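Numbering (full-length UniProt numbering), first residue to last: 1 to 117.
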């Protein structure tokens, strides 16, 4: 009588991507064990592919979020810069008006002095 040979598998967890190794020397190629090994191998490759796709999607999402953030900062900074320029113009106009007011006050005082004399 033939006794079935079982496949012995090992999972190596030392690397970042899981790797499987099987002792499949005594496995019948058309048997149940070979089919199970094929299913496990397919699952492993599919999960690696899915992990890579998820990682790429994550990197794309981070890159897109950074781009949106930069655009928002640029939009806000543009408004702030315009406000700053307007503030400087207003300050210059205030100084010019203060000089004009001081000159008119001095001239008004001179007229009052001249009319009361």
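Think of the CB as a built atom: it goes at the ideal place given N, C-alpha and C, for glycine as much as any other residue. Since this is a predicted model, take the numbers as computed values, not measurements.
Alpha carbon to alpha carbon, how far is residue 72 from residue 58? Give it in angstroms, no decimals. Along the chain shown, one-based indexing puts residue 58 at 58. Along the chain shown, one-based indexing puts residue 72 at 72. Whole-angstrom Cα-Cα distance: 21 Å.
Tell me whether residue 34 counts as near the ligand ATP, meaning its Cβ is closer than 6 Å to at least one heavy atom of that ligand. This structure simply doesn't include the ligand ATP, nor any ligand for that matter.
Need the endpoints of the alpha helix (DSSP H) that residue 109 sits in, please. What you label residue 109 is simply residue 109 of the chain shown in a count that begins at 1. 32-116 is the extent of the alpha helix (DSSP H) around residue 109.
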